[in-house]
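In UniProt numbering, the protein residues as written are 1 to 129. For glycine and all other residues, C-beta sits at the position ideal for the given N, C-alpha and C. Note that the structure is predicted; figures quoted are calculated from it, not measured.
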């Protein structure tokens, strides 16, 4: 059987949103996808598709590119960069945020694990989340 690799930015974002929204236990139980723009289309400059919130506090954005999704996260930045390196997810620090590059459907699960590390770090560091 031949498996098709998903590399369409919009489809990757949909898979990521599903994974982030579906968790009912663990750190991701506190995560919500917010302000989703169902009509967002990938662009070379990146089109914001939805926000990511922890306990109702906006902490990130998923933006669509033609062949990947960029996720910016403003909490647990060090945890994100460290976890991403271990998970093989491209990530870098930009000022006070961490930026993840989710390049395929197969990269969604590792990216979700990285975001879970950010949530745990943020919840441990602040009682406001």
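Under the three-state DSSP convention, the category residue i falls into
i           : result
residue 7   : coil
residue 2   : Per-residue confidence for residue 2 stands at a pLDDT of 44, beneath the threshold of 50, marking its modelled position as unreliable; no derived number is given.
residue 123 : helix
residue 63  : strand
residue 88  : coil
residue 48  : strand
Own chain partners of residue i with C-beta closer than 6 Å, once the 5 adjacent residues on each side are dropped
i          : result
residue 76 : 118, 121 and 122
residue 78 : none
Assumed close pair residue i, residue j - CB separation to whole angstroms, cut-off 8 Å
i           : j           : result
residue 69  : residue 16  : 6 Å
residue 64  : residue 40  : 6 Å
residue 7   : residue 104 : 5 Å
residue 33  : residue 72  : Incorrect: roughly 14 Å between the Cβ atoms, too far for contact.
residue 23  : residue 31  : 7 Å
residue 27  : residue 66  : With 8 Å as the limit, residue 27 and residue 66 do not qualify as a contact, their Cβ atoms being about 31 Å apart.
residue 102 : residue 108 : 6 Å
residue 13  : residue 62  : 5 Å
residue 93  : residue 81  : 6 Å
Own chain, CB closer than 8 Å to residue i, minus 5 neighbours either side, in chain order
i         : result
residue 9 : 42, 64, 65, 66, 67, 68 and 69
If we count Cβ pairs, one from each stretch, closer than 8 Å, do we get three or more for the segment 46–56 versus the segment 89–107? Taking a contact to require three or more Cβ pairs closer than 8 Å, the segment 46–56 and the segment 89–107 do not qualify as touching.
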